[in-house]
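A.B. asks: Below you will find the structure I want to go over with you.
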Amino acid sequence: MPSLWSGSTRTAAGAALSAIAAFSLVAGVAGTAQAVSTAGDNAAKLTPKRVGSAPRIPAGAVRTGSAAADTTLHLAVNLKPRDPAALSAFVAQVSDPKSANYHRYLATGQFASAFGPTKSTVDSVTKALRAAGLKPGALSKDGLSIPVTASVATASHALGTGFATVKLTDGTESYLNTSAPALPSGAAAEVSGITGLNNLSVMKSHHTKPVLAGKATGTGVGSRALSAHASGPNLCAGVTNLLKENGLVDTRDYYSPGALASAYGLPHTTTAGAGSTVAVFELEDVLESAISDWKSCLGISSAWSTVAVDGGHTVTADPTSNDVGTEAALDIEDVMALAPGASVIDYEGPDANLATEQNVLDVYQKMVDDNKAQVLSISWGVCDLDADPAQLAAENTIFAEAAAQGQTVVSSSGDAGSTDCSGDGSSNGANLSVDDPASQPYVTGVGGTWMNGSGSTLKQATWNYGSSKGGAGGGGVSNVWNSGNGPLLYQTGFTGSGYSNTCAAASGQVCRQVPDVSALADPSAGYVISIGDGYWNIIGGTSAAAPTWAAMIALAATTADCKANGRVGQLNPIVYNAARSSYGTSFTDITTGNNDWTPSGYKGGKYASTSGYDMATGLGTPKYAGLVGQLCGTKASSAGGSFFPITPVRVFDTRAAYHVGSYTTPIPANTTYTATVTGNAAGDNVPSTGVTAVALSVTAINPSTSSYVSVSGNGIGHGAATLTFVKGQIVPNAVVVPVKNGKVDFYNRFGTVDVAAVITGYYSSTGTGGSGFTPIPAAHMLDTRSGVGEPGGTAAKLGAGSTVTIKATDTPGIPAGVTALALNVTAINGTIGSYLGVYPSNAGQAAATSVSFSAKQILANTVIVPVDSDGNITISNHAGIVDATADVTGYYSAATGASFNALAPTHLVDTRGGTGGFKALGAGKTMAVPVTGIGGVPGNATAVVLNVTVVGPTATGFVSIYPHGPIPAATTGIDFSAKQTISNMVVVSVTAGQVDFYNRFGTTNVAADVLGYYAP
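Residue numbering for the sequence shown follows the working numbering, beginning at 5 and increasing consecutively.
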């Protein structure tokens, strides 16, 4: 509509762009002292460039004027992830059971450091915003959003766009930007979009009008205590009487909680789902009485809470005068009915008719930032053809973050069939379209079915009322997402009837198809809900189908497999893999009907229900018993087998003067170096075949900035940090790492760093003569401060070039015939930077370092060190004078002991974000951390290998790690200085399935990943 945007609006936009160009000129003058090429580059970066596109204009919109200059806008400048391809690859790996990174999710708060923009990018964009006259706020927790509050006048001038007001066909007054926002090109290249510039896209809930709207009177509903039903929670007499009075019959006119659970084979008790949390997205109030009546009627005690975002609701729900609260009640009560033991968090944004696209994004972001829920359920949406592209892009990154954290996101696919824009008042009403966010690549779109009967008489079909009453299950081909701009490998081989290239995918690419799965949505046999003050409804829509799937995921999360293997995570790869391998036992295939929504004007019958996947009902409805095993999966693991100690050999060193391997320069940022650790590379001490894992002592040397190094099997992708360090530190740590192709990878996140690695032994399940591991209570073998382990028991520091020899069997609990020891070695207050060598005594002073340290530093490292034929080890100091301690936590022997099993590292605890349910450790405080049943650690594990990191301690001190119970006299752990971040590998016995962490001084955060376990 060219005439709508003529005149002064174009002039304002042009003036604003001129202002940006003027800013470019001023900046260019300031840089004239630089080289011509640099000045040219800077000028290019400051040239104005538009970001995204202007919003789509609804058909019939009438311009009513220009937006008032003093109208306040709440904007967000949304930044691109640092490496979008790396983020996509990471999500694919944590979602792939064949990957060693499977379920190695990010912990709460880790996204910004792992995938957020660099500080220089944030600073550059922030500087550009300020130069344009805007006032950027604090960066979001995930590092991807910079909030800006500005008036229309300020935003218009700064972003090169005019603002107009329009009246939509339904009478709604809206404002919008008339052109895409502009920023200096250097900043624009880092921005995915700017949201909050318009309020056109109004989210709508996907529930139908109530079939029954009645009040249960004279029955005591909501006021009497009810015992738990033997067969699981179900409707109380007061409500069933109301239904009977209206001639309504269970499984014909409605589905009670028990009948619905039975239809899908869900376990159904009053505590089912205990330990899980489901978050629901809402844009409205819900009455307290609605939820309390529901819980009372069902005899359940489900926990629920509300988190208000951007102020929450304004209009109060009232079952006698408005529809407010119906959607929220449906979502919350559906989850409670099917997973009564789960907790429900209601994330409540502003009222739907007032919520801007930025409000919507803020709610999504809060659900992900908090990371308190394993499952996120969304029953609201907007048609993809009417949505702001900037909003869609921002959502995509938020949902990728959710997937990276292991959060499952399900969303209703809409109630307008194949024409989702129908009823939006736009020109797209009769066009084929799908719903957002259900069509987002990282979201599972849930369609709708009709259902009747139970057991052997159960029938299911596509939900579709071809009239203005009710609706039809949403589905079709995305107009936005394709395999070129979204990770859609999970849909490979699944093409629904009627597919067409509506998203303009390039050759070899395909468009996103929805829904992925379905559940009951038909209101004529719908969901009974309480809406408050004694009123009850029967209601339907795909907004009921989404929380039904959310409840099922919550139930699966409590199974032994999920407890052992971690969160379900992104659901789409799982359900499509299940369809490939066991379709008939995982899903009920819906083969009847189509999803034409004829009131829209479309009657093409394009998306029919067919055998297999279709765009009317996706893969179909769930068969829980067949699907649950695949929801939780099994982590890829490496059978470590027996340990074979060797004389320590340096297998990797990037320093030019000492280099071993293929590299002579430090590892750059976001780069992986690969080292061969078998065969010739290990001095022929490690066989070329049959090696499943190696024990390495790894040292980071002179990093240029704070960063971490991750050590992993070749080609399986980097995961948890092995060493964490700050600029200029020399930091050692041990690691037991799976071997792939005879190689391991060293990945550096930021800056540059030299890395050296020494191999002290290997694991094999095929070799003969290997050793098993026997954990023992930690015992002092050496303490130069007190004389333990020294000749004559006399305390004496280790001088330059001096050594001390220790006989293993002198320590109680260590028998003759041991082949190697697990030691925690600590260097204390060396006079200069140096290193301690730990090696079998008959090997001579080793060049291989075990503990590298700086002057006055207290630094610990766990090493697995072979003993010589007499059972002796030697500890040497290279330079200066230093105290040293060595505590043994177990021994290896060919005669006895447990086999090692390497695991893909899994977070046990991270007090920074609440992983494991723990907070920062105060002085003198202990936390008992469960380890069995997590990450693949079995109940019979005798010891675990942990990588423990201390973050930001307030005082110099130590954290002790020991078997659950009273703190022993000697322990293994980490020593640290105030504000230091440091990691240490720990081998520790397991008691009652737990390991204890004790902090002596100050307050510190602690993170721990399990790397493997020992078991008979």
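Ideal placement from N, C-alpha and C gives every residue a C-beta, glycine not left out.
Comparing C-alpha positions only, which one of 907, 1008 and 519 sits nearest to residue 938?
C.D. replies: Position 934 of the sequence shown, counted from the start, is the residue given in the question as residue 938. Taking only the C-alpha atoms, the option nearest residue 938 is 907.
A.B. asks: Out of curiosity, what's the CA-to-CA distance linking residue 392 and residue 663?
C.D. replies: Start at 1 with the first residue of the sequence shown, and residue 392 comes out as number 388. Start at 1 with the first residue of the sequence shown, and residue 663 comes out as number 659. Whole-angstrom Cα-Cα distance: 54 angstroms.
A.B. asks: Taking Cβ positions, are residue 287 and residue 356 nearer each other than 8 angstroms?
C.D. replies: On the sequence shown, residue 287 is found 283 positions in, with the first residue counted as 1. On the sequence shown, residue 356 is found 352 positions in, with the first residue counted as 1. Closer than 8 angstroms, so yes.
A.B. asks: How would you label residue 260, buried or exposed, when you count the other beta carbons within 10 angstroms and need 16 or more for buried?
C.D. replies: Counting from one through the sequence shown, the residue named residue 260 turns up at place 256. Under the 10 Å beta carbon count, residue 260 is surrounded by 16 or more other beta carbons and is classified as buried.
A.B. asks: With DSSP as the reference, identify every bridge partner of residue 802, one or two as the case may be.
C.D. replies: Numbered from 1 along the sequence shown, position 798 holds the residue referred to as residue 802. Looking at the DSSP assignment, residue 802 forms a beta bridge with 886.
A.B. asks: Exposed or buried, residue 331, counting other C-beta atoms within 10 Å across all chains shown (16 or more means buried)?
C.D. replies: Translated into positions along the sequence shown, residue 331 becomes position 327. The residue in question, residue 331, is buried, as its Cβ has 16 or more Cβ neighbours within 10 Å.
A.B. asks: Just reading off the alpha helix (DSSP H) that residue 340 is part of, what are its end residues?
C.D. replies: What you label residue 340 is simply residue 336 of the sequence shown in a count that begins at 1. 330–342 is the extent of the alpha helix (DSSP H) around residue 340.
A.B. asks: Give the list of continuous beta strand (DSSP E) stretches no shorter than 3 residues that lie fully inside the stretch 584–662.
C.D. replies: 641–657
A.B. asks: Between which two residues does the beta strand (DSSP E) carrying residue 348 extend?
C.D. replies: If you number the sequence shown from 1, residue 348 lands on position 344. Residues 347–352.
A.B. asks: Tell me the DSSP secondary structure of residue 319 in three-state form.
C.D. replies: As a first step, residue 319 is located in the sequence shown; it is residue number 315 there, counting from the start. Here residue 319 sits in coil by DSSP.
A.B. asks: For residue 399, I'd like the list of residues in its chain whose CB is within less than 8 angstroms of its CB, leaving aside the five on either flank, ordered along the chain.
C.D. replies: One-based indexing of the sequence shown puts residue 399 at position 395. Excluding positions up to five away in sequence, the list reads 365, 368, 440, 441 and 444.
A.B. asks: Leaving aside the five residues before and after residue 1011 along the sequence, list all residues of the same chain whose C-beta is less than 6 angstroms from its C-beta, in chain order.
C.D. replies: Against the sequence shown, residue 1011 aligns to sequence position 1007. 914 and 953.
A.B. asks: Give every residue of the same chain whose Cβ lies closer than 6 angstroms to the Cβ of residue 537, excluding the five residues on either side of it in the sequence, and list them in chain order.
C.D. replies: As a first step, residue 537 must be located in the sequence shown, where it is residue number 533. Once the five neighbours on either side are set aside, the close Cβ partners of residue 537 are 293 and 323.
A.B. asks: For residue 236, which three-state DSSP category applies?
C.D. replies: Along the sequence shown, one-based indexing puts residue 236 at 232. In this structure, residue 236 counts as coil in the three-state DSSP scheme.
A.B. asks: Specify the secondary structure class of residue 460 as computed by DSSP and reduced to three states.
C.D. replies: The residue labelled residue 460 in the question sits at position 456 within the sequence shown. Looking at residue 460 - three-state DSSP - the assignment turns out to be helix.
A.B. asks: Quick one: Cα of residue 690 to Cα of residue 682, how far?
C.D. replies: Counting from 1 along the sequence shown, the entry for residue 690 is found at position 686. Counting from 1 along the sequence shown, the entry for residue 682 is found at position 678. Approximately 5 angstroms, taken between the alpha carbons.
A.B. asks: Which whole-angstrom value is the C-beta distance of residue 855 and residue 831, which I expect to be below 8 angstroms?
C.D. replies: In the sequence shown, counting from the first residue as 1, residue 855 sits at position 851. In the sequence shown, counting from the first residue as 1, residue 831 sits at position 827. That belief holds up - the Cβ atoms of residue 855 and residue 831 are roughly 5 angstroms apart, short of 8 angstroms.
A.B. asks: My understanding is that residue 188 touches residue 52, with C-beta atoms under 8 angstroms, so please give their C-beta distance in whole angstroms.
C.D. replies: As a first step, residue 188 must be located in the sequence shown, where it is residue number 184. As a first step, residue 52 must be located in the sequence shown, where it is residue number 48. Yes, residue 188 and residue 52 are in contact; Cβ-Cβ is about 6 angstroms, under 8 angstroms.
A.B. asks: Measuring CB atoms only, is the stretch 119–134 touching the stretch 516–528, in the sense that at least three cross pairs come out at less than 8 angstroms?
C.D. replies: no
A.B. asks: Taking 8 angstroms as the threshold (C-beta atoms), are residue 894 and residue 778 in contact?
C.D. replies: Within the sequence shown, the letter at position 774 stands for residue 778. Within the sequence shown, the letter at position 890 stands for residue 894. Contact flag set, yes.
A.B. asks: How far does the beta strand (DSSP E) with residue 769 in it extend, from its first residue to its last?
C.D. replies: As a working mapping, residue 769 is identified with position 765 in the sequence shown. Where residue 769 is concerned, there is no enclosing beta strand (DSSP E), given that its DSSP letter is neither H nor E.
A.B. asks: I'd like to confirm something about residue 985: is its beta-carbon nearer than 7 angstroms to some heavy atom of the ligand NAP, or not?
C.D. replies: The ligand NAP is absent from the structure shown, which contains no ligands of any kind.
A.B. asks: Rounding to the nearest angstrom, what Cα-Cα distance links residue 151 and residue 83 in this structure?
C.D. replies: As a position in the sequence shown, residue 151 is number 147, starting the count at 1. As a position in the sequence shown, residue 83 is number 79, starting the count at 1. Whole-angstrom Cα-Cα distance: 11 angstroms.
A.B. asks: Just how far apart, CA to CA, sit residue 284 and residue 665?
C.D. replies: Translated into positions along the sequence shown, residue 284 becomes position 280. Translated into positions along the sequence shown, residue 665 becomes position 661. So the two alpha carbons sit approximately 52 angstroms from each other.
A.B. asks: Could you pull the start and end residues of the alpha helix (DSSP H) that residue 556 belongs to?
C.D. replies: Residue mapping note: residue 556 aligns to position 552 of the sequence shown, counting from 1. Counting along the chain, the alpha helix (DSSP H) containing residue 556 begins and ends at 546–560.
A.B. asks: Spell out the partners DSSP gives residue 286 in its beta bridges.
C.D. replies: Mapped onto the sequence shown, residue 286 falls at position 282. As computed with DSSP, residue 286 is found in a beta bridge with 352.
A.B. asks: Run through DSSP, which three-state label would residue 298 get?
C.D. replies: In the sequence shown, counting from the first residue as 1, residue 298 sits at position 294. In the structure shown, residue 298 sits in a helix (DSSP, three-state: H, G or I).
A.B. asks: What is the rounded straight-line gap between the Cα of residue 491 and the Cα of residue 148?
C.D. replies: Translated into positions along the sequence shown, residue 491 becomes position 487. Translated into positions along the sequence shown, residue 148 becomes position 144. Each residue's alpha carbon lies about 20 angstroms from the other.
A.B. asks: Whole angstroms is fine: what's the gap from residue 787's alpha carbon to residue 880's?
C.D. replies: As a first step, residue 787 is located in the sequence shown; it is residue number 783 there, counting from the start. As a first step, residue 880 is located in the sequence shown; it is residue number 876 there, counting from the start. Their backbone Cα atoms lie some 13 angstroms apart in a straight line.
A.B. asks: Using the C-alpha atoms, what's the distance from residue 600 back to residue 171?
C.D. replies: The residue given as residue 171 occupies position 167 in the sequence shown. The residue given as residue 600 occupies position 596 in the sequence shown. Each residue's Cα considered, the two are about 30 angstroms apart.
A.B. asks: Return the chain-ordered list of same chain residues with a C-beta closer than 6 angstroms to the C-beta of residue 348, the five sequence neighbours on each side being excluded.
C.D. replies: Taking the first residue of the sequence shown as 1, we reach residue 348 at position 344. Only 282, 308, 336 and 339 meet the Cβ criterion.
A.B. asks: How big is the Cα-Cα spacing for residue 326 and residue 534?
C.D. replies: Along the sequence shown, one-based indexing puts residue 326 at 322. Along the sequence shown, one-based indexing puts residue 534 at 530. Our two residues, residue 326 and residue 534, have alpha carbons roughly 14 angstroms apart in a direct line.
A.B. asks: Please go through the same chain and pick out, in chain order, the residues whose beta-carbon is closer than 8 angstroms to the beta-carbon of residue 155, but skip the five residues on each side of it.
C.D. replies: If you number the sequence shown from 1, residue 155 lands on position 151. Taken in chain order, the residues that qualify are 73, 74, 75, 76 and 77.
A.B. asks: In chain order, what residues of the same chain have a beta carbon less than 6 angstroms from the beta carbon of residue 797, not counting five sequence neighbours either side?
C.D. replies: The count along the sequence shown starts at 1 and reaches residue 797 at position 793. 791.
A.B. asks: Going by beta-carbon coordinates alone, are residue 768 and residue 776 separated by less than 8 angstroms?
C.D. replies: Along the sequence shown, one-based indexing puts residue 768 at 764. Along the sequence shown, one-based indexing puts residue 776 at 772. Cβ atoms of residue 768 and residue 776: not closer than 8 angstroms.
A.B. asks: Quick one, which of 110, 647 and 481 has its alpha-carbon nearest residue 405's?
C.D. replies: For the purposes of this step, residue 405 is taken as residue 401 along the sequence shown, with counting starting at 1. Comparing Cα positions, the closest option is 110.
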